[in-house]
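Working notes, structure below.
Residue numbers (my numbering): 25 to 359.
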């Protein structure tokens, strides 16, 4: 069942479903999430089953913002047994927003959502529909909502309600209500920072950059290491369409199309640089701006994949921290 989030009755219906343990497709500023009450183990199991996701691959718990600065504190205190000072500084700087913090988990809560780990990923999303739903659910006793991307595991993340509906055609209206909040304005998943140790560690890049994180928390952000907890979207292969994604620089792309000429069949192109492939090659121009590229990335991959090509050739994103999130998603899609 797909309902417009502009209707307050739809928000109320979705909140009731979350309280009853049913799944909801929820828009956020990053991507659409497949949501369930994070404290309802049966409901969270349904997320894993619907996505085909391994049960040890943890989910991110989304919290209501509440009122005033630090209005998410109730949710944080419910799930986290400890909040380091640098983590609190990151919350103040970037919540609500596209940043997930991994914190020590309070015993007895969200064990299934956490994939059995003693840590839990928390985020306070900025999307107004997400916040309306989270607040309505909180009024019905839902402390937080586990909401991984609303797609089958490992596939391209959804940035519209229609994408969610395409992913879960096997689920009936009784099993899944989808709130249509329009296209997601950020377009790739949140930055993830491990806050379970005395220093912040970047687990997944996103549109909140390392430089911004360091400026907010006042200390260096370290790179992922072997001691890092498992986290969403960090497997080597992820975000993949059916077609094989291949990353190449502009010179390599031009050379390949020159060799193939009119024989470039079954190939689609997504590039910033001007290209003249054969007329039959489906193509999209990648924006020069990283935020604009992130906003459209998953929708473009879905669009090109839907043409039935075997290969999607993508121009490698430029260097620079602002492109780290886009580069990460494309590298995993191509793995």
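For every residue, glycine included, the Cβ atom is placed at its ideal position computed from N, Cα and C.
Exercise. Sorted by chain position, which residues of the same chain lie with C-beta nearer than 6 Å to residue 239's C-beta, five sequence neighbours on each side aside?
Worked result: none
For this session: Report the three-state DSSP secondary structure of residue 339 (helix, strand or coil).
Result: strand
For this session: Please state if the CB of residue 177 and the CB of residue 275 are separated by a distance shorter than 7 Å.
Result: For residue 275 and residue 177, no; Cβs fall outside 7 Å.
Problem set entry | Top-ranked residue by Cα proximity to residue 208, from 321, 71, 347 and 31 | The candidate whose alpha carbon is nearest that of residue 208 is 321.
Exercise. Around the Cβ of residue 348, are there at least 16 other Cβ atoms within 10 angstroms (buried) or fewer (exposed)?
Worked result: buried
For this session: Determine, using beta-carbon pairs with one atom in the segment 248–262 and one in the segment 127–136, whether at least three such pairs fall under 8 Å.
Result: no
Problem set entry | C-beta contact flag for residue 86 and residue 147 at 7 Å | yes
Exercise. Which residue comes first and which comes last in the beta strand (DSSP E) that contains residue 69?
Worked result: Taken as a continuous stretch (DSSP letters only), residue 69 belongs to no beta strand (DSSP E), being part of the alpha helix (DSSP H) at 65–75.
Problem set entry | Assigned secondary structure, residue 329 (DSSP; H/G/I helix, E/B strand, else coil) | DSSP places residue 329 in helix when its eight states are reduced to three.
Problem set entry | Residue span of the beta strand (DSSP E) that contains residue 115, given as start and end | Note, residue 115: premise wrong, no beta strand (DSSP E); alpha helix (DSSP H) at 109–118.
Problem set entry | Beta-carbon proximity list for residue 38, same chain, < 7 Å, skipping 5 on both sides | 48, 157, 201 and 203
For this session: Spatial neighbours of residue 195 within its chain, please: CB distance less than 8 Å, with the 5 preceding and 5 following residues excluded, ordered by chain position.
Result: 47 and 74
Exercise. From 183, 205, 277 and 299, pick the residue whose C-alpha is nearest to that of residue 31; which is it?
Worked result: 205
Exercise. Does the segment 226–245 come within contact of the segment 326–342, defined as at least 3 CB pairs closer than 8 Å?
Worked result: no
Exercise. Leaving out the 5 sequence neighbours to the left and right, which residues in its chain are closer than 7 Å to residue 301 when beta-carbon positions are compared?
Worked result: 281, 288, 293 and 307
For this session: Please classify residue 244: does DSSP put it in a helix, a strand, or coil?
Result: coil
Problem set entry | Span separating the alpha-carbon of residue 246 from that of residue 256 | 18 Å
For this session: Work out the CA separation of residue 52 and residue 105 for me, nearest whole Å.
Result: 26 Å
Exercise. Exposed or buried, what is residue 213 when buried is set at 16 or more other beta-carbons lying within 10 Å of its beta-carbon?
Worked result: By the 16-neighbour rule on beta-carbons within 10 angstroms, residue 213 is buried.
For this session: Identify every residue that forms a DSSP beta bridge with residue 86.
Result: Note: residue 86 is bridge-paired with 147 and 169 in the DSSP secondary-structure output.
For this session: Pull up the distance between the alpha-carbon of residue 159 and that of residue 118, whole angstroms please.
Result: 19 Å
Exercise. Would the beta-carbon of residue 169 fall within 7 Å of that of residue 298?
Worked result: No; because the gap between Cβ atoms is not below 7 Å, this pair is not in contact.
Problem set entry | Three-state secondary structure assigned by DSSP to residue 268 | strand
Exercise. How many angstroms separate the CA atom of residue 89 from the CA atom of residue 225?
Worked result: 24 Å
For this session: Identify whether residue 306 lies in helix, strand or coil by the three-state DSSP scheme.
Result: coil
Exercise. Can residue 166 and residue 61 be called in contact, C-beta distance under 7 Å?
Worked result: yes
Problem set entry | 6 Å CB neighbourhood of residue 228 in its chain, flanking five on each side removed | 216, 257 and 258
Exercise. Would DSSP call residue 212 helix, strand or coil?
Worked result: coil
For this session: List the residues that DSSP assigns as beta-bridge partners of residue 352.
Result: DSSP lists no partner for residue 352.
Exercise. So with Cβ pairs under 7 Å, would you call residue 58 a contact of chain B?
Worked result: Judged by its chain identifiers, the structure shown contains no chain B, having just a single protein chain.
Problem set entry | C-alpha gap between residue 155 and residue 123, whole angstroms | Answer to the nearest angstrom: the Cα atoms are 15 Å apart.
Problem set entry | Assigned secondary structure, residue 61 (DSSP; H/G/I helix, E/B strand, else coil) | In this structure, residue 61 counts as strand in the three-state DSSP scheme.
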